[in-house]
Amino acid sequence: MTPRRNNPLLAGLLAEAGWNGAELARGVNALGTLHGLTLRYDRTAVAHWLSGTRPRGPVPQLIAAALTDRCGRLVTVEEAGFGGGPSGAGPAAGGSAVEGPAAGPGAAGPGAAGPVAAGSAAEGLLRLALRARADADPHTRPPLLRSPYQPAEVPVPVWDGPPEGRAGAVPGIAELAARRRLRVHAEQLRALAQSFSGLYLTHGGVHTRAALAAWLAQDAGEFAARHRAARGSRRAGSGAAGAPAGSAGTALRGRSGDSAVEGDVWRGYAQLAHLLGEMTADSGYHGLAQEYHGIALGLARQAGDRRMYAITLRAMSAHAGRLGQPLHAVRLARTAVETAPPDGEPGTLAFLLVQRAAAHAHAGERVEAAADLAAADRFHARHAVAPPAGPFDSYARADLDFARARTHLALGEFPAAAEALERSLRGRAAGQHRATALTHAALAETLLRLGHLTRACEHWRAFLTAVPAVRSRAVREALGRLLRDLAPYRRVREAVATAAMARALAERP
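Under the working numbering, the sequence shown has 118 at position 128, and the numbering climbs by one with no breaks.
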């Protein structure tokens, strides 16, 4: 630990929170557990922090997160009196674990907020490439994986109208060729999003994310370099009209047609960054996942895609809720719903509303949760009439029912949760091993709460059958809960057999 001056900022926050030192220590220890850390702080450690001792990272971030949830407002590391010191996480290639060249929500570091500045798409994409490159390199990866999650200011986007093209101008051959290349690249990104989304649903995030990070490290960097070169060429040529026909300036133009195709490219990269964030969270690397989500926000903003921006905010809300930040999860979920086009695709609105319902439920807001569940059902009924295809367009009823169950569980409505989980299982597509495994595990835990041990063991065995095909932190945590929940039933035959099967899987690397 690094000695410092007394910390009156932390003392003030403790008074605001109505906490004593022991209560803060328990809050930090609990958040550490959610991050996969074993912390045993007590009131004496807090006394040291108040006297000016700075703990090593990621503890300052966990202190700020605990105070954020307790105070009901954002508390940064600096506001807790721990700014300016070493974090213990170490720098990563291309910047620290939470800093980079992009501004605004694309940065998603502590305190990042506001819209991404116009023209910053190449910087956001370059930042994605640098992060992915460091993530794919075994020498630079460890500091990234240790970076902690920190509640950040909820981004408030400002949405402009569609970009204006140059009226009356006829595109030349080189420009038409550049437009075709952009269109092909956008189609490639869509196909990759489809493939990686399927792999994630089937096998979990641990191995899948490594392949996606390696691909983005190469492709995103190359595209960002071409984009910056094209803009530099246009500036040097005093605009598109002055650029030579075969120059790099023909790669991306200011015409409305080009802007639409270019938006498709940014949207494709936003989707891949979003998926990488989800896979990284599923692997238990929460600070890095938060950063990938933030980069996805910046790219969605650059694409002018309110819907993709809202979908990523929704993912960030779910992530915050899983990490014990219910109030932050509510803020993110509300912003997601407010950001989405009100006349948008009903499946998207159902997707956003059911997460807001879960966030309200975890925050103890029962009436709001029930209203959002009812609205989500109405929108999904409209969506189901003619559902579009694609991982970011279609919302399966099985997924809605699983999300409904999370809300019922948070409200203590266990029979309703069990019914929703059973419906979810009936609607699951074949081969979705991760989703199927987690649904069986959640149903088993719910049935045990209702006193149905035999049925719970049946679903736990179905869960265990799916586990070998999946590499996921969420699945490993469910395996640990299974062993904990069955510990009191050592004399019940089916429980003993199920626990033995689970222990054999838990011992595998």
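Using N, Cα and C, we set each Cβ at its ideal position, and we do this for glycine too.
None of these values were measured; they are calculated from a predicted model.
For residue i, the three-state DSSP class (helix, strand or coil)
i, result
"Thr43", "strand"
"Leu401", "coil"
"Ala361", "helix"
"Gly441", "coil"
"Ala388", "helix"
"Glu409", "helix"
"Asp32", "coil"
"Val174", "helix"
"Pro48", "coil"
"Val67", "coil"
"Thr23", "helix"
"Gly334", "coil"
"Ser414", "helix"
"Ala7", "helix"
"Phe369", "helix"
"Thr130", "coil"
"Asp254", "helix"
"Ala376", "coil"
"Ala494", "helix"
"Ala509", "Since the first and last residues shown for the chain are -9 and 499, residue 509 lies out of range."
"Asp383", "coil"
"Arg480", "coil"
"Tyr139", "coil"
"Val144", "coil"
"Arg461", "coil"
"Ala420", "coil"
"Ala260", "helix"
"Ala393", "helix"
"Trp149", "coil"
"Ala98", "Caution applies to Ala98, whose pLDDT of 34 falls short of 50 and renders its modelled position unreliable; the model cannot decide the point."
Check whether residue i and residue j have beta carbons under 9 Å apart
i, j, result
"Thr329", "Leu303", "yes"
"Ala214", "Glu113", "yes"
"Leu52", "Leu4", "no"
"Arg180", "Gln292", "no"
"Ala374", "Ala349", "no"
"Thr192", "His398", "no"
"Gly380", "Ala183", "yes"
"Ala347", "Arg394", "yes"
"Leu313", "His276", "yes"
"Trp149", "Arg324", "no"
"Ala361", "Val344", "no"
"Leu473", "Arg498", "no"
"Ala70", "Pro50", "yes"
"Tyr259", "Leu115", "yes"
Own chain partners of residue i with C-beta closer than 7 Å, once the 5 adjacent residues on each side are dropped
i, result
"Ala485", "Leu443, Cys447, Leu476, Tyr479"
"Trp256", "Ala111, Leu289, Gln292, Ala293"
"Pro377", "Gly337, Ser384"
"Leu428", "Ala464, Val465, Ala468"
"Gly101", "Because Gly101 sits at a pLDDT of 31, beneath the cut-off of 50, its placement in the model cannot be relied upon, and the following sentence gives the value as read from the coordinates. Contacts found: Thr66, Ala142, Glu143."
"Arg471", "Glu435"
"Ala20", "Gly314"
"Met306", "His283, Leu322"
"Tyr299", "Pro147, Leu287, Ala290, Arg291, Thr329"
"Asp272", "Gly194, Gly195, Ser462, Arg463, Ala464"
"Glu358", "His350"
"Asn(-3)", "Trp39, Leu40, Gly42, Gly71"
"Ala489", "Leu473, Leu476"
Own chain residues within Cβ distance below 6 Å of residue i, not counting five before or after
i, result
"Thr198", "Leu189, Tyr190, Met269"
"Thr426", "Arg418, Ala456"
"Phe453", "Ala427, His430, Ala431"
"Leu433", "Leu411, His449"
"Arg173", "Val251"
"Gly421", "Thr192"
"Phe341", "Tyr385"
Residue i CB to nearest heavy atom of the ligand GTP below 8 Å
i, result
"Leu469", "The model depicted lacks the ligand GTP and carries no ligand whatsoever."
**OP:** Just list the alpha helix (DSSP H) runs in the stretch 267 to 318, keeping only unbroken ones of 4 residues or longer that don't cross its boundaries, in chain order.
**Re:** 276 to 293, 296 to 312
Subject >> Segment contact flag, the stretch 48 to 62 with the stretch 123 to 133, C-beta cutoff 8 Å, min 3 pairs >> reply: no
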